[in-house]
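Novice: Each residue of the sequence shown is one higher than the last, beginning at 83 in my numbering.
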Amino acid sequence: MAGCRMPEDLATLSELDESVLLEVLSTRFRHDHVYTYVGDILIAINPLKYLPLYEKSEAEKYKSCSKSNLPPHIFAVADRAYQSMLGRLATGPKNQCIVISGESGAGKTESTKLLLRQIMELCKGNSQLERQILQAASICCLFKAPRIHGYHYSKIFEAFSNCEVKVNPLLEAFGNAQTVMNDNSSRFGKYIQLRFRNTAVKGAKINEYLLEKSRVVHQDEGERNFHIFYYMFAGISAADQEVYGLLDPTFYRYLNHKYGAVETIKQWSKKYNEVCNALDMVGFLEQEQVDMMTILAGILSLGNIIYEPQENGILKVTDQSKGWLKAAAGQFGVEEEELLKCLICTMAVTRGESIQRYHSKQQAEDARDSIAKVAYGRVFGWIVSKVNQLLAPKEDVCTTELQEIGILDIFGFENFAVNRYEQMCINLANEQLQYFFNHHIFIMQQKEYKEEGLEWETITYKDNKSILDLFLARPLGVFSLLDEQSAFPQATDKTFVDKLNSSFKGNPHFKIDRSRTPGFTVIHYAGKIQYNASGFLEKNRDTIPASIRGLFINSITPLLSVLFAATVSRTGTLMAQQRPKKTEDNFNSTRKQSVGAQFRHSLAVLMEKMFAANPHFIRCVKPNINKLPDHLDSKLFMDQLRYNGLLETIRIRKDGYSWRPFFKEFAERYGILLITPNISLTKESCLAILQTTGLKDWKSGKSRLFFKYWHQDELAKCIEKLEKAAIIIQKRTATPPIPLPRKKKPLPRPRSVAVDKFRNAVQPPVPRPRSKLVEATPFDNSRDHMNSSWSQEQADKEHQINQKRATIRWFKETQARKVIQNGTFPCWFHGMITRRESEDLLANQPLGCFLIRVSGSREGYTLTFRGIDRCRHYMIEMQPNGRYVILGEDKAHPSLPDLVDYYKTVGIQPFMEVLTTPCGQKCAHETDYEELRNLSVKTNPQEKLSSGTAADGSTHDRVHNELSKLFVPPDLPLSLQPEMSPVIRKIRDRKLQAASSGGSAAINSENGIEDEHQGGKRTFPRLYPSIRLAMREIQQVHEQQPTLHGPNSGEEFVPELPPKQFKEHHRTQLPGSEHYNKK
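1) Taking just the CA atoms, how far does I626 sit from K581?
2) Output needed for D715: all residues of its chain with C-beta closer than 6 Å, excluding positions within five of it in sequence on either side, in chain order.
3) What number of angstroms, rounded off, separates the C-alpha of A767 from the C-alpha of N128?
4) Quickly, what does DSSP pair I990 with across the bridge? List them, please.
5) Could you give the DSSP three-state label for P154: helix, strand or coil?
6) Going by DSSP, what residue range makes up the alpha helix (DSSP H) through D721?
7) Please list the segments of the beta strand (DSSP E) lying wholly inside the stretch 383-417, counting only runs of 3 or more residues, in order along the chain.
8) Give the DSSP-derived three-state secondary structure of I180 in the structure shown.
9) Return the CA-CA distance between Q773 and L133, expressed in angstroms with no decimal places.
10) Is DSSP giving F634 helix, strand or coil here?
11) For the beta strand (DSSP E) that S96 lies in, which residues bound it at each end?
12) Does N512 pass the burial test, meaning 16 or more other C-beta atoms within 10 Å, or should it be called exposed?
13) If you count every other CB in all the chains shown that lies within 10 Å of the CB of D277, and 16 or more means buried, which is it?
14) What residue range is occupied by the uninterrupted beta strand (DSSP E) comprising Y613?
15) Looking at the secondary structure, which residues open and close the alpha helix (DSSP H) in which C507 lies?
16) Within its chain, find whatever has a CB closer than 8 Å to the CB of F256; leave out the 5 residues flanking it on each side and keep chain order.
17) Between the C-alpha atoms of Q516 and Y336, what's the straight-line distance to the nearest angstrom?
18) Measure the C-alpha to C-alpha separation of K143 and L688 and round it to an integer number of angstroms.
19) If you reduce the DSSP assignment to three classes, tell me which class M914 lands in.
20) Does the stretch 334-348 come into contact with the stretch 396-404, if we say contact requires no fewer than three beta-carbon pairs (one atom in each stretch) closer than 8 Å?
21) Is F693 buried or exposed, if buried means 16 or more other CB atoms sit within 10 Å of its CB?
22) Tell me whether E100 is buried or exposed, calling it buried when 16 or more other Cβ atoms sit within 10 Å of its Cβ.
23) Could you give the DSSP three-state label for N470: helix, strand or coil?
24) For M994, tell me which candidate among I635, R965, P962 and G949 has the shortest Cα-Cα distance.
25) Is the CB-CB distance between L656 and S871 below 8 Å?
26) Between I934 and H955, how many whole angstroms is the CB-CB distance? I'm expecting something under 8 Å.
27) Would Q301 be called buried (16 or more neighbouring beta carbons within 10 Å of its own) or exposed?
28) Expressed to the nearest angstrom, what Euclidean distance is found between the alpha-carbon atoms of F518 and A410?
29) Taking only the alpha-carbon atoms, compute the straight-line gap between F586 and G559 and give it to the nearest angstrom.
30) Going along the chain, which residues of its own chain have a beta-carbon closer than 6 Å to the beta-carbon of I594, five neighbours each way excluded?
31) Express the C-alpha separation of R110 and L729 in angstroms, rounding to a whole number.
32) Please state the DSSP three-state secondary structure of V703.
33) Just mark G169 as buried or exposed, buried being the case when its beta carbon has 16 or more other beta carbons within 10 Å.
34) Could you check where the beta strand (DSSP E) with D491 kicks off and where it finishes?
35) Determine the contact status of E184 and K610, defining contact as a CB-CB distance below 8 Å.
36) Grab me the residues of F646's own chain with a C-beta within less than 6 Å of its C-beta, minus the 5 sequence neighbours each way, in chain order.
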């Protein structure tokens, strides 16, 4: 029974109704067959558990596969999109898009990760670039992208693959949150554009849509704020919490005074470490990371500010929340008084006079929350912008046209107990996607059948065009009326609802609510949704106090200043203040746009991209609402299939013709099957081609041919069969190659050409003049050949020398101090030796012996390792933020010694071998990095002479000390420092004197302070002393008036977690901190 009721393609069912459909899909689900075809459309049921469908062995099967030979799989969709993009299937090369739709919790985000992973596999790319894309989209991949260590990478591809594996933790941490329906729900939409040249991926771009910023300040029962806030508290050390100004998480109103269970906190701590590593890998500078975390802490502090009226009616901050105001001001890098002024009043200029209008308590609370929402939204937009900079195609490929595969992962249809403004926008996006699906599957097909004169019985379907018109029509659409009401200062949510009721009174998709709270009901394609209109106008305006933008632009926190100095595009995307060139999305944002207008425009741009591409559809289905594996709720399941129009889709895929090429297009593609040169691109040629294939069930129209979805695979098999036959014929008829005549050896150089013994290089022979009428002699040919080969050889040598000199200069100026330990180079450092020399050094060494050498052809290093069967070479690159990464690995390290220590305990993929014994130098008298010094002095004859005379009495100690003098840091003993000019010596003495009198902070950068606990320079927030004092003040208030926030039902509460008690040894003295302490 199971076997006969488990067809892989529902379009092959002989009988079709809802009961048969439910039986087939539920049977497949019970047998863990979660994928099913409807023609070329994939139905994906979320298994809610691990399945062995996503192993690397399974992925290999679906590379260039035939759909009929393997079970349905999401990997097959990825392969089909990739092959179609390359023009290897029925259609020519064309942009592709994969549309993933379904309810929240149906598995759309995980499907996106699987698609990305498989497409990167199909590229046959090298590890670094693909891994970056994969993590640009998610941290929870079921498997990791393969890593290939070698030297024949495309530089762009290296950067791209590594970035993909690093970006997704950031997007998920900052853009996902727990909801009632999904523990890891995407609270924003994203459209990932993968850009290719030929078969290789060259870049990517992530377009983000409608981040749910209101979640920052309010969460319903059973829901949480964005993941990053909980990760911070779980992963940041006590000392760093003091730096950022964080206290116990149950203190914060924006977190509902709740935290998590012990096991959950452990998981959050791991996630925080992954986020920090992702920030390093993507290339965020340390100062940027500190500023970002400080801004997030400031958002939480801002939420704890409470107001109370004074006798004159003007608001003030309560005594209990004065510390929070001081903390927020320090974390944002602004003056406390200026921030308070922005919160409680508005400045208006009338006829040259400045007038202060004080806020009511509700207005001040709205201003506080709007600042928090906008600040978080700008941080998220900045992260996406940084990611896109990393993934963007490089300069050398931007001039060529790139093919594209787009993957849409957007929020699913939502129906909560209380549906607000965000749910209306989310459901509108799903209405737009449903219309896109209907247009391609029903509207376009049936229109072409009618135009081409085919006999066709029209299939009725649920058209949602009228619902889209209800929302998007002008001037009487929901969003147009919302913008109109938002423009009136006196308008309220109730006046907006009254306007809707009067405008759509007779609309069949709109129902009037009679409840006390302002609201309305819309009958969507997926069901009836009741919206609570409270806060619609405020959220649509998305205004912040007029003075807050100027305040934050002048903040001494650089990141906050950049975020608020940037402009917002017409689609709501954060743009840099200076753009190198205009794009289609460039928009003069001097006129403030509403959130609804930005969302509508971004949807229009998205639909334009998708309509221009060839679509592939994946319909994700949720089996139950309780997130239980192996359990299928029949009613919920059928409701999803019903409103998705699955029965109608099966009928049109079964009876219809999904592939409809023009005669010319078909003849150009498959004319080779006639084995006749120069065929005409007419209907007759197409019919002749089809006669040779034996295909059935196709039809011919006036200008097109009409094929079933499976005809493309049949024609591909015919082409493949012809290609195999051609190869066999070539093998049988091929004649052995005719050997070419042996080249004559060049004649010896004539004696008349003198050699200048005072020159280092031999000069090339001068060709003798000859008449053009005289044929060139063999001697002339050999001389010309010698001349060209000599010139090329000299140019190559010069290029290599210049490259080495540049690398040495890079090493001496930027790297030497980072490598030196205790005044000397580590024993595993071998300078600029060749690959062969490194292998000779490790030839007789034990397994795990290693060395690190400077690359002679690039600015970077190479780790050479003694493996089981041979030596392995791993490229070490520097990130833009100065971190060191082994290509293909997903861990960034602050220094080479840290990298070595890490891989002594963790294996390097793919062989998972660990470093054991460092390899010593070649001999006891000269170090391997002597070549660095020799090359650096070749340009100076006097230095070369002096070094040559001193070399007679060289010993290992002398060489080692002489080399160390070149790279010694300034804080080492003066006896080891090299000779320096009087001016340089004065600067050095001044720095040393300042360091001895004013502390180590005097010689460091503004925010880089020596931290005795971390053993290096640390970066601190600009107003760290002010933040620390505010934290003390808050703690004192809580100690005097303890306030326990009682736990709510269904949520974990950790009352035993006390406020952090910062011990004295954790503090780092900053310039001016004594002044703050005395105050």
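For every residue, glycine included, the Cβ atom is placed at its ideal position computed from N, Cα and C.
Specialist: With the given structure in hand:
1) Your numbering for residue 581 matches position 499 in the sequence shown. Your numbering for residue 626 matches position 544 in the sequence shown. Taking the straight line joining both Cα atoms gives about 26 Å.
2) Here residue 715 refers to the residue found at position 633 when the sequence shown is read from its first residue. Here the set comprises N706.
3) Walking along the sequence shown from the start, residue 767 turns up at place 685. Walking along the sequence shown from the start, residue 128 turns up at place 46. The amino acid at residue 767 is misidentified as Ala; the sequence shows Ser. Cα-Cα distance, rounded: 47 Å.
4) Numbered from its first residue, the sequence shown carries residue 990 at position 908. Answer is E995, bridged to I990.
5) On the sequence shown, position 72 is the one that residue 154 refers to. Of the three classes helix, strand and coil, the one that applies to P154 here is coil, per DSSP.
6) Within the sequence shown, the letter at position 639 stands for residue 721. From DSSP, the alpha helix (DSSP H) with D721 extends over S716 to Y725.
7) 389-391 and 397-399
8) Here residue 180 refers to the residue found at position 98 of the sequence shown. It is a strand residue.
9) For the purposes of this step, residue 773 is taken as the residue at position 691 of the sequence shown. For the purposes of this step, residue 133 is taken as the residue at position 51 of the sequence shown. When rounded, the distance between both Cα atoms is 45 Å.
10) By 1-based counting over the sequence shown, the position of residue 634 is 552. Helix at F634.
11) As a first step, residue 96 is located in the sequence shown; it is residue number 14 there, counting from the start. Per DSSP, S96 belongs to no beta strand (DSSP E) and is neither H nor E.
12) By 1-based counting over the sequence shown, the position of residue 512 is 430. When all chains shown are included, N512 counts as buried.
13) Here residue 277 refers to the residue found at position 195 when the sequence shown is read from its first residue. It should be pointed out that residue 277 corresponds to Arg in this sequence rather than to Asp. The residue is buried, with at least 16 neighbouring Cβ atoms inside 10 Å.
14) Taking the first residue of the sequence shown as position 1, residue 613 is located at position 531. That run of the beta strand (DSSP E) goes G609 to N614.
15) For the purposes of this step, residue 507 is taken as the residue at position 425 of the sequence shown. Y503 to N520 is the span of the alpha helix (DSSP H), which, as asked, contains C507.
16) For the purposes of this step, residue 256 is identified with residue 174 of the sequence shown, where counting begins at 1. Excluding residues within five positions, the ones whose Cβ falls inside 8 Å are F308, H309, I310, V461, F462 and I465.
17) In the sequence shown, the residue the question calls residue 516 occupies position 434. In the sequence shown, the residue the question calls residue 336 occupies position 254. C-alpha separation (whole angstroms): 35 Å.
18) Your numbering for residue 143 matches position 61 in the sequence shown. Your numbering for residue 688 matches position 606 in the sequence shown. Cα-Cα distance, rounded: 33 Å.
19) Position 832 of the sequence shown, counted from the start, is the residue given in the question as residue 914. In this structure, M914 counts as coil in the three-state DSSP scheme.
20) no
21) Residue numbering aside, residue 693 sits at position 611 when the sequence shown is read from its first letter. Exposed, by the Cβ-count rule.
22) In the sequence shown, counting from the first residue as 1, residue 100 sits at position 18. That one is exposed.
23) Counting from one through the sequence shown, the residue named residue 470 turns up at place 388. N470: helix per DSSP, three-state reduction.
24) As a first step, residue 994 is located in the sequence shown; it is residue number 912 there, counting from the start. The option with the nearest alpha carbon to M994 is G949.
25) Stepping through the sequence shown from its first residue, residue 656 is reached at position 574. Stepping through the sequence shown from its first residue, residue 871 is reached at position 789. Their beta carbons are not under 8 Å apart, which means L656 does not touch S871 by this criterion.
26) Locating residue 934 in the sequence shown gives position 852, counting from the first residue. Locating residue 955 in the sequence shown gives position 873, counting from the first residue. I934 to H955, Cβ: 11 Å. No contact.
27) As a position in the sequence shown, residue 301 is number 219, starting the count at 1. By the neighbour-count rule (16 or more Cβ atoms within 10 Å), Q301 is buried.
28) Residue numbering aside, residue 518 sits at position 436 when the sequence shown is read from its first letter. Residue numbering aside, residue 410 sits at position 328 when the sequence shown is read from its first letter. Those two C-alpha atoms are separated by around 46 Å.
29) For the purposes of this step, residue 586 is taken as the residue at position 504 of the sequence shown. For the purposes of this step, residue 559 is taken as the residue at position 477 of the sequence shown. C-alpha separation (whole angstroms): 9 Å.
30) The residue you call residue 594 lines up with position 512 of the sequence shown. Around I594: N583.
31) Along the sequence shown, one-based indexing puts residue 729 at 647. Along the sequence shown, one-based indexing puts residue 110 at 28. Those two C-alpha atoms are separated by around 17 Å.
32) Stepping through the sequence shown from its first residue, residue 703 is reached at position 621. Of the three classes helix, strand and coil, the one that applies to V703 here is strand, per DSSP.
33) Mapped onto the sequence shown, residue 169 falls at position 87. It counts as exposed.
34) In the sequence shown, counting from the first residue as 1, residue 491 sits at position 409. Per DSSP, D491 belongs to the beta strand (DSSP E) from Q485 to D491.
35) Along the sequence shown, one-based indexing puts residue 184 at 102. Along the sequence shown, one-based indexing puts residue 610 at 528. Note on residue identity: the sequence assigns Gly, not Glu, to residue 184. Result no, Cβ atoms of G184 and K610 do not sit closer than 8 Å.
36) On the sequence shown, residue 646 is found 564 positions in, with the first residue counted as 1. Same-chain partners within the cutoff: R631, F634 and I635.
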